[in-house]
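Peer 1:
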Amino acid sequence: MKEAFKGRVWKLGDDIDTDIIIPTQFLALKTVEDMKKYAFNPLRPELAAQIEPGDIIVAGKNFGCGSSREQAPEILAALKISCIIAKSYARIFYRNAFNNGLLLLENNELYDCCSEGDQVSVQLENSQVLLGEKSFEVASIPTDLLQMVEAGGLVPFMRKRNGK
Amino acid sequence: MGYTLAEKIIMRNTKRSSVTAGELLNVNVDKVMVHDIFAPFVVEKFREMGFEKVWNPDKIVFVYDHLVPTSFIEDFRHHKIADAFAAEQHIKAVHRADGVCHQLMPELRYVVPGQVVFGTDSHTTTYGAIGSFSTGIGYTEMAAIFGTGQLWIKVPPTLKFNINGELPEGVYSKDIILRILGDIGADGGTYKALEFGGSTIKGLSISSRMTLSNMAVEAGAKVGVIEPDEKTFAFSGVEGSQFQDLKSDPDASYEKVFNYDASNFKPVVACPSNVDNISDVEALLGTKIDQGFIGSCTNGRFEDLEVAAKILKGRKIAPFTKLIITPASRSIYAEAAKAGIIGILVEAGAIMNPPACGLCCGRSGGIVSDGERVIATNNRNFLGRMGSPKSEIFLASPATVAAAALEGKIVDPRKYL
């Protein structure tokens, strides 16, 4: 895991559910690459085309609530979002994100202080997010979870277990 | 110190004499359910992980329900992949058109009290209604369970809901859970166990209890559990004496306790587009609707069809209003047909859909267009859930939906009971 990185902010609200992240009608597309064009389609259909690798999503509370569809974190990982910083996450999404190598950070204040298009810097080493002069603390992530994210998720972890 | 019901189930599973909320531990998985829409992904991840054989083919259930009947040419691919995997791995429990997974798992006794169960669907919480610890996970974790039979969990803290007294006429378990969601919010139960108890819950049928546990996940909860009792043991075909440990202790440690007097509950509706946006039916009277939907793993059971038939009997739904009804399983459909309920519904103008997920997940069977407004008995009213993001979804009990379909607008269901 890169210990420090910068990214441009896309700002989304509270309770961004998994039906918004990827609606059911696109779930039977064959690959995540096919699906990722439809990220956030019901809410902001233009957004997926605008997201660039390294961008950061900043959101309110309960991000990823709703269904267990793992395509939700998978397409965000496929769009190469570098991390999400939300006030809180729904539990299934939280597990699915780490299992797919997508980094999630939690902070309560950043959302109300930043605007879409801002640049923020993430410093994992000291659990800080910087916005201009201001800094925000994020809960630290256990090292083994960070290593799983770095390795790309649970699949490579299990491959190693199975000696593959 | 005592333990909550969720903790008791985990202790039973792990053969431990104590557990603490917040503790991480490995559970031995008693049963898993994978539905058609995610089956190819589970299979792919299982192979990518380097596994060759599943840990126990008798503990795996495949249910085809999201893509039944198929709506697009590519849908059948999911069934073909799952069929081939089941044959290769000697998995015998494959249901190809028997109903919605969360109805079938308890109905066919794949899940019984005291078990730890995971499914690739968020509404796996439904089986908490029969005293199991069951929750939804993603397909990657499911692939890891297929290979190992284990999963790590965090022991959840519990929110206890004591509900006592008699429910007024026209008020159902759907109204109870919607009210609770309104009170604690769509993230009010995140990572937690919800435990429902009290005389009102004891008085509910297993079907009604399943509605509560089903929607526990709408508060973000990990599980929604109800102490098993004689009704549960009869439903699950098990000997009650084997499950006496499945009771929360009087001195259990709860994060918070909520007390409700059932006589204060009213018919309520979740308004667009959040499940916790709750309003009394009385405040919405006259709101025009274009489509009603009765069905899903939340409210597609016999008693739900029965109450709809009671309201619709000898009447016709409003012109230009559609009413779509989806029994939750084949056996419910057959039983309702035998009881004359299906005839009443059809004569009133309802469109019967096959027992599957269809409209609830926005995949088939009544997809809505821009500007349409739906009142439905399922569990989610998210933006675009049933089709166009420019449509609106209200959630309510089967009685409230049936009454609304009669008039083409939201009305108080009690006037038809």
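For the protein sequence lines, the chains are D and S, in the order given. Here my numbering = 1-based position in the first sequence + 723. Here my numbering = 1-based position in the second sequence + 202. Even for Gly, the Cβ is constructed at its ideal location relative to N, Cα and C. It should be emphasised that the depicted structure is a prediction, and the values quoted were computed from it without experimental measurement.
What does D/Val-878 reach in chain S if we use C-beta pairs closer than 7 Å?
Peer 2: Lys-247, Glu-250, Met-251, Thr-342
Peer 1: At a cut of 8 Å, does the stretch 520-540 of chain S reach the stretch 498-509 of chain S through at least three beta carbon pairs?
Peer 2: Yes, the stretch 520-540 of chain S touches the stretch 498-509 of chain S.
Peer 1: Where does S/Val-231 sit, in a helix, a strand or coil, going by DSSP?
Peer 2: Annotated three-state conformation of S/Val-231 is coil, per DSSP.
Peer 1: Determine the contact status of S/Thr-337 and S/Ser-375, defining contact as a CB-CB distance below 8 Å.
Peer 2: no
Peer 1: Distance check for S/Ser-498 and S/Asn-583, CA to CA, integer angstroms please.
Peer 2: 13 Å
Peer 1: Grouping DSSP H, G and I as helix and E and B as strand, with all else coil, what is S/Glu-246?
Peer 2: helix
Peer 1: For a contact defined as C-beta to C-beta under 9 Å, what are the partners of S/His-280 on chain D?
Peer 2: Ala-751
Peer 1: Against S/Leu-269, what residues of chain D qualify as contacts under a CB-to-CB distance less than 9 Å, listed in chain order?
Peer 2: Ala-751
Peer 1: Name, please, each residue of chain D whose Cβ falls closer than 8 Å to the Cβ of S/Asn-476.
Peer 2: Correct list: Asp-738.
Peer 1: Rounded C-beta distance between S/Ile-211 and S/Phe-398? I'm assuming under 8 Å.
Peer 2: Going by Cβ atoms, the distance from S/Ile-211 to S/Phe-398 rounds to 14 Å, so no, they are not a contact pair.
Peer 1: Who are the near neighbours of D/Lys-729 in its chain, counting only those whose CB is closer than 8 Å to its CB and skipping five residues on each side?
Peer 2: Gly-777, Gln-842, Val-843, Ser-844, Val-845
Peer 1: Is S/Gly-204 near S/Asp-431, with beta carbons less than 8 Å apart?
Peer 2: no
Peer 1: Which of the residues in the stretch 475-505 of chain S, read from start to end, lie with their CB under 7 Å from any CB of chain D?
Peer 2: Of all residues in the stretch 475-505 of chain S, Asn-476 have a Cβ within less than 7 Å of some Cβ in chain D.
Peer 1: Measuring from the CB of D/Glu-775, is there a heavy atom of the ligand SAM at a distance below 7 Å?
Peer 2: Inclusion of the ligand SAM in the displayed structure is not the case, the ligand content being empty and no account of it being possible.
Peer 1: Could you list which residues in chain D have their beta carbon closer than 9 Å to that of S/Ile-239, in chain order?
Peer 2: Thr-747, Leu-750, Ala-751, Arg-792
Peer 1: List the residues of chain D that S/Glu-276 touches, going by C-beta distances under 9 Å, in chain order.
Peer 2: Neighbours of S/Glu-276 on chain D, chain order: Ala-751, Leu-752, Lys-753.
Peer 1: So, at 8 Å on beta carbons, what are the nonlocal neighbours of S/Val-470 in its own chain, with the 5 sequence-adjacent residues on each side left out?
Peer 2: Asp-377, Leu-380, Arg-381, Gly-384, Ile-480, Ser-481, Asp-482, Val-483, Ala-598
Peer 1: Cα separation between S/Gly-624 and D/Gly-840?
Peer 2: This structure does not reach residue 624 of chain S, given that chain S is present from 203 up to 619, and the question cannot be answered.
Peer 1: Kindly list, in the order they appear in chain S, the residues whose Cβ is closer than 8 Å to that of D/Ile-804.
Peer 2: Correct list: empty, because the minimum Cβ distance to chain S is about 17 Å.
Peer 1: Would you please state the rounded distance, in angstroms, between the beta carbons of D/Trp-733 and D/Ile-780? I believe it to be under 8 Å.
Peer 2: 5 Å
Peer 1: Determine the extent of the beta strand (DSSP E) in which S/Thr-337 is found, giving its start and end residues.
Peer 2: 335-338
Peer 1: Measuring only the C-alpha atoms, how far is S/Ile-513 from S/Ala-604?
Peer 2: 7 Å
Peer 1: Which residues in chain S have a C-beta closer than 8 Å to the C-beta of D/Ile-743? List them in chain order.
Peer 2: Phe-584, Leu-585, Gly-586
Peer 1: Just list the beta strand (DSSP E) runs in the stretch 465-506 of chain S, keeping only unbroken ones of 3 residues or longer that don't cross its boundaries, in chain order.
Peer 2: The qualifying runs are 470-472, 480-482, 493-497.
Peer 1: For the stretch 795-823 of chain D, which residues have a CB atom closer than 7 Å to at least one CB atom of chain S, in sequence order?
Peer 2: Identification of residues in the stretch 795-823 of chain D having a C-beta nearer than 7 Å to some C-beta of chain S yields Ser-811, Ala-813, Arg-814, Ile-815, Arg-818, Asn-819, Asn-822, Asn-823, given in sequence order.
Peer 1: Under a CB-based cut-off of 8 Å, is S/Tyr-312 close to chain D?
Peer 2: Cβ-Cβ to chain D under 8 Å: no for S/Tyr-312.
Peer 1: Grouping DSSP H, G and I as helix and E and B as strand, with all else coil, what is D/Arg-767?
Peer 2: coil
Peer 1: Hey, quick one: how far does the alpha helix (DSSP H) through D/Phe-816 stretch, first residue to last?
Peer 2: Counting along the chain, the alpha helix (DSSP H) containing D/Phe-816 begins and ends at 814-822.
Peer 1: Thinking C-alpha only, which one of S/Lys-362, S/Pro-370, S/Ala-208 is nearest S/Glu-457?
Peer 2: S/Lys-362
Peer 1: In whole angstroms, what is the alpha-carbon distance linking S/Ser-455 and S/Ala-223?
Peer 2: 9 Å
Peer 1: Under DSSP, the beta strand (DSSP E) around S/Glu-397 begins and ends at which residues?
Peer 2: 395-399
Peer 1: What does the Cβ neighbour count give for S/His-292, buried or exposed, with the cut at 16 atoms within 10 Å?
Peer 2: Around the Cβ of S/His-292, a 10 Å sphere holds fewer than 16 other Cβ atoms; the residue is exposed.
Peer 1: Secondary structure at D/Gln-773, three-state DSSP: helix, strand or coil?
Peer 2: helix
Peer 1: S/Arg-565 versus chain D: which residues are under 9 Å apart at the beta carbon?
Peer 2: Those are Thr-747, Gln-748, Leu-750, Ala-751, listed as they occur along chain D.
Peer 1: List the whole-angstrom C-beta distance separating D/Ala-771 from D/Leu-847, where the pair is believed to meet the contact cut-off of C-beta under 8 Å.
Peer 2: Actually they do not touch by this definition, with Cβ atoms about 26 Å apart.
Peer 1: Select from D/Asn-785, D/Cys-788, D/Ala-795, D/Arg-731 the residue whose C-alpha is nearest the C-alpha of D/Lys-760.
Peer 2: D/Ala-795
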